[in-house]
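In order, the protein sequence lines correspond to chains A and B.
Read in order, the letters of the first sequence correspond to residues 617 to 1131 in the numbering used here.
Read in order, the letters of the second sequence correspond to residues -2 to 301 in the numbering used here.
Structure, as structure tokens:
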Amino acid sequence: MRSRRNFSLSSLRRLSQLFFVILFLILFRKTDYAGTDQLPYAVNIFFRLDPLVAASVMLGAEVIITLVLYSVIVVFLTLLFGRFFCGWVCPLGSLLDLCHGLIPQQKKGSRGRFKSWKYLLLTLILTFAFFGLPLVGYFDPFSILVRSMTIVLDPFLYWIVSTPFDFLYKVAPGWITKASELIYAQLKQFILPYNQKVYTLTSMSLIIFLLIFALEKVERRFWCRNLCPLGGLLALLSRFSFLRGYIQETCNDCQSCNKVCRMEAIDSQMRIIPEDCNLCLDCRDLCLNKSVSFKFKRPSEKLPSLGVSRRAFVGTLFAGIILPAFFKVRADTKMANPSLIRPPGAINERKFLNRCIRCGGCMKVCPTNALHPSLFEAGAEGIFAPRLIPRIGFCEFNCTLCGQVCPTGAINRLVLKEKQKTVIGTTYFDKNRCLPYAKGIPCIVCEEHCPTPDKAIKLREAQVFNPEGKTVTIKQPYLIDRFCIGCGICENKCPVEGTAAVIVLKKSEKVNLPF
Amino acid sequence: MDRREFLKKLGRWTGSISFSLPILQQVVPSAKAEVRTTLLSCAEGKDYSTLVSKVLDPLGGITALVKKDERVVIKPNIAWDRTPEQGANTHPEIVKSLVAICLEAGASQVMVFDRPVNEERRCYATSGIKAAVESLGDRRVSCPYIDQRKFIPVRIDKGKSITEWEFYKDALEADCYINVPVAKQHGSIGLSLGLKNIMGVIGGRRGFIHLSLAQRIADLNTVIKPRLTLIDATRIIFRNGPSGGSLNDVKVINTLIASRDTVAADAYTTTLFQMAPEAIDSTIAAYQLGLGEMDLKKIKIIRV
């Protein structure tokens, strides 16, 4: 008689992983303008389920942020089932599993030497958060994944697919182009991003992403076992979980469970350690004499320690308290970088940096490719936070998408009317380069594009010398400060080569616009 | 295949492909000027679905303009992420009824497109034009976004200020090109009318055109000669154009102007803004290039 055991739970787990990877990819693709200014889905749902994001952002902001309270669900489920999230849900973990066959591992592995790092990292992130140095975005698995996909992988995908099709379009005879364009259209509709975007910090993002995969060479799921602070948080919760794995006496010590375990969760005494086990259930399904079982029962004996020495913990805590202080005594605190234009609705700069989790969602959704990850413009702690680069893209007057995508409220969700009055910067004319001023050549491109209903850029006539030395009457642009919201379309469209003759710089004061 | 042979083959392929590329970037000579009749028609009415055929009647109706099985390109203004009420784009109902009568006239294909200033999807959606055109549900009609690969360099022999520029292939190849601009104020040339609408079918950095806007617009207009220019003056932006945004700057005058002569259409429409045709430099420049008539006395104006 076939026992119930023959039903493979691990294939159910694989199905779940596949489901969440696909869901993740679909939500990523849906993080785009779709015909209306309202996003039809909660595309940021993974972040809102993430208790690490919730904990660190709320610690940093010192307020309850309702957006991320969904993560309570994950906390609750982890208290029941352990680190199931890492094994069944997390798309980064699933992608690592997917690439398992492609990355050959070293024989020895780390033998658990680095397992405590994730707890120390978690401690550091949370204390940093409390003392005002945002770190979570650089280590949260979803942040890393969405950011890498936005900045590098997605633009790369578009380029690598479109280039051969564009080449065929250019050189191939009609009958080939007809077929290739048909395929291309399908790909564009269902697989590719809408258009080719470009971003700053691509190489840096790619290196971080590849590093996580390269670490697979040391051992399977190196990231999840040793570094992932979300994994660390869930691991701590798992020590109280109800669902536990047991290896019974019937075990004949064949060690196949140990070999198959992707998390190295089985210790020398053949106990399944709850904070390591991600419930992939491979051991249960592979055990030849069915000695592995998972039950809703807590063991009577005490769990082995986490492996974090008191010294390391206290040291990390100390570093977490002290290091942020160094960031308070830099010149940046007195002199904000004027080129640092934040998305509309971004909260006060200091709070913004603490609340932004560097996920890149706003950069993904921005329809004009205006938002880019910053490098040191906001100091070292501002890396990967979004900034508007007007020369690459401008802020669409009728668009509020970035605020809708932001999972933590670092960018407020603005209604369109508010957004159109939100000042993110202000405009300056470089009269040494602006054509009507510098050369007496007519040009009104900035004025033409200015989107505020009463134009912030206006024209006035002036008598100037033209390039031939004749006096001509020409229209010169000037700014009505109180109308300008700093959208940057003027800088974007300025026909002067290289650096524009009209430049948008950050403006921090709140101003009331009269329209 | 050994390595040496592989490299040789690779070299040959790369070489031949790269040498063949320049041949494909053909330069299309500009089309010859057509004989024009300076007939202009002007209609007023609140029912936009019938207003288009009404204004075309004095010109012989649509059948005089669109022949059976012709590939028609309709070029409205879809430049801005603005609603129809804001008047920065051609009114969707006007475009829709124009497409409809072209189909009735037996057009084999009707394409509606523009190269927008704001994000293209936003412009096509907010202007209402994509939805209006697609609501006709006819397979011959399409409202595609601009495909950057379709811009091809064209020599502008008659150009005084520019001699070559990229034009959109579909616009060049159309059997019948219909120009459907919206009339509005413009900071540089005074008004943005029929001639200015050509800016939506050219590639490259359009800011460059502005450095001598009036002359360059006229130069560009020597390349594509619309069979018909239908100026939408149902709503005119008289201030803060060409993007507008405030309903206070829009006047609803429910008027359409139609002519085979773009210069004539522009010249007449200028009077609706209480200005003389000579106030608009692009009209003068185009007139001087022989693109049409701007003397209102020489234009036969029929009001319907």
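Backbone N, C-alpha and C fix where the C-beta goes; we use that ideal spot for every residue, glycine too.
Cβ-based neighbour list, residue i, same chain, cut-off 6 Å, excluding 5 preceding and 5 following
i: residue 643 of chain A; result: 659
i: residue 616 of chain A; result: A query on residue 616 of chain A cannot be resolved here, the shown segment of chain A reaching from 617 to 1131 and no further.
i: residue 85 of chain B; result: 77, 79, 240 and 241
i: residue 953 of chain A; result: 993
i: residue 253 of chain B; result: 40, 48 and 52
i: residue 185 of chain B; result: 210
Residue i classed as buried or exposed, judged by whether at least 16 other C-beta atoms fall within 10 angstroms
i: residue 670 of chain A; result: buried
i: residue 743 of chain A; result: buried
i: residue 727 of chain A; result: exposed
i: residue 758 of chain A; result: buried
i: residue 176 of chain B; result: buried
i: residue 950 of chain A; result: exposed
i: residue 900 of chain A; result: buried
i: residue 263 of chain B; result: buried
i: residue 89 of chain B; result: buried
i: residue 1077 of chain A; result: exposed
i: residue 1132 of chain A; result: This structure cannot settle anything about residue 1132 of chain A, because the visible part of chain A is limited to 617 through 1131.
i: residue 29 of chain B; result: Caution applies to residue 29 of chain B, whose pLDDT of 45 falls short of 50 and renders its modelled position unreliable; the value that the coordinates give is listed next. Residue 29 of chain B comes out exposed.
i: residue 291 of chain B; result: buried
Contacting residues, own chain, Cβ-Cβ under 7 Å from residue i (five flanking each side not counted)
i: residue 831 of chain A; result: 838 and 839
i: residue 765 of chain A; result: 644
i: residue 697 of chain A; result: 857, 859 and 895
i: residue 1026 of chain A; result: 962, 963, 968, 971 and 972
i: residue 681 of chain A; result: 673, 674, 1024 and 1025
i: residue 935 of chain A; result: 740
i: residue 883 of chain A; result: 889 and 920
Beta carbon proximity, residue i to chain B, threshold 8 Å
i: residue 1063 of chain A; result: yes
i: residue 1004 of chain A; result: no
i: residue 1069 of chain A; result: yes
i: residue 911 of chain A; result: no
i: residue 1100 of chain A; result: no
i: residue 1110 of chain A; result: yes
i: residue 1050 of chain A; result: no
Pairwise C-alpha distance: residue j and residue i
i: residue 661 of chain A; j: residue 1023 of chain A; result: 8 Å
i: residue 675 of chain A; j: residue 124 of chain B; result: 45 Å
i: residue 201 of chain B; j: residue 1063 of chain A; result: 20 Å
i: residue 1067 of chain A; j: residue 1017 of chain A; result: 18 Å
i: residue 626 of chain A; j: residue 904 of chain A; result: 15 Å
i: residue 1060 of chain A; j: residue 717 of chain A; result: 59 Å
i: residue 1115 of chain A; j: residue 1107 of chain A; result: 9 Å
i: residue 303 of chain B; j: residue 797 of chain A; result: Since the first and last residues shown for chain B are -2 and 301, residue 303 of chain B lies out of range.
i: residue 996 of chain A; j: residue 920 of chain A; result: 38 Å
i: residue 163 of chain B; j: residue 97 of chain B; result: 30 Å
i: residue 195 of chain B; j: residue 713 of chain A; result: 55 Å
i: residue 91 of chain B; j: residue 974 of chain A; result: 46 Å
i: residue 310 of chain B; j: residue 83 of chain B; result: For residue 310 of chain B there is no data in the structure shown, the boundaries of chain B being -2 and 301.
i: residue 9 of chain B; j: residue -2 of chain B; result: 15 Å
i: residue 233 of chain B; j: residue 668 of chain A; result: 55 Å
i: residue 1099 of chain A; j: residue 1071 of chain A; result: 7 Å
i: residue 235 of chain B; j: residue 132 of chain B; result: 31 Å
Cβ neighbours of residue i in the same chain (closer than 8 Å, five flanking residues each side left out)
i: residue 27 of chain B; result: The predicted position of residue 27 of chain B is uncertain, since its pLDDT is 48 and thus under 50; no value can be drawn from it.
i: residue 172 of chain B; result: 64, 67, 68 and 69
i: residue 1083 of chain A; result: 1055, 1056 and 1057
Proximity test, residue i beta-carbon vs the ligand SAH heavy atom, cut-off 7 Å
i: residue 113 of chain B; result: Ligands displayed in this structure: none; no statement on the ligand SAH is therefore possible.
Within-8 Å CB hit, residue i to chain A
i: residue 210 of chain B; result: yes
i: residue 139 of chain B; result: no
i: residue 207 of chain B; result: yes
i: residue 220 of chain B; result: no
i: residue 202 of chain B; result: yes
i: residue 78 of chain B; result: yes
i: residue 68 of chain B; result: no
Next on the checklist: Using a Cβ-Cβ cutoff of 7 Å, what residues of the segment 772 to 792 of chain A are near chain B? List them in chain order.
Outcome noted: Within the segment 772 to 792 of chain A, the qualifying residues are 782, 785, 786 and 787.
Checklist entry - What are the residues of the segment 96 to 124 of chain B that lie near chain A, defined by any Cβ-Cβ distance shorter than 8 Å? => result Against chain A - using a Cβ distance shorter than 8 Å - the residues of the segment 96 to 124 of chain B are 114, 115, 116, 118, 119, 122 and 123.
Checklist entry - Using a Cβ cut-off of 8 Å, which residues of the segment 1008 to 1035 of chain A contact any Cβ in chain B, in chain order? => result The segment 1008 to 1035 of chain A vs chain B, Cβ under 8 Å: 1012, 1013, 1014 and 1015.
Checklist entry - Residues in the segment 636 to 651 of chain A with C-beta within 7 Å of chain B's C-beta atoms, listed in sequence order? => result Answer in chain order: 649 and 651.
Checklist entry - What residues in the segment 971 to 993 of chain A have a beta carbon less than 9 Å from any beta carbon of chain B? => result Taking 9 Å as the Cβ-Cβ cut-off against chain B, the residues of the segment 971 to 993 of chain A that qualify are 983 and 984.
Checklist entry - Using a Cβ cut-off of 8 Å, which residues of the segment 165 to 193 of chain B contact any Cβ in chain A, in chain order? => result Those residues of the segment 165 to 193 of chain B placed with their C-beta closer than 8 Å to a C-beta in chain A are 183, 184 and 185, ordered along the chain.
Item to check | Proximal residues, the segment 231 to 250 of chain B versus chain A, C-beta separation under 7 Å | outcome: Cβ contacts with chain A: 237, 239, 240, 242 and 243.
Item to check | chain A contacts made by the segment 147 to 161 of chain B, where a contact means CB separation under 8 Å | outcome: Residues: none.
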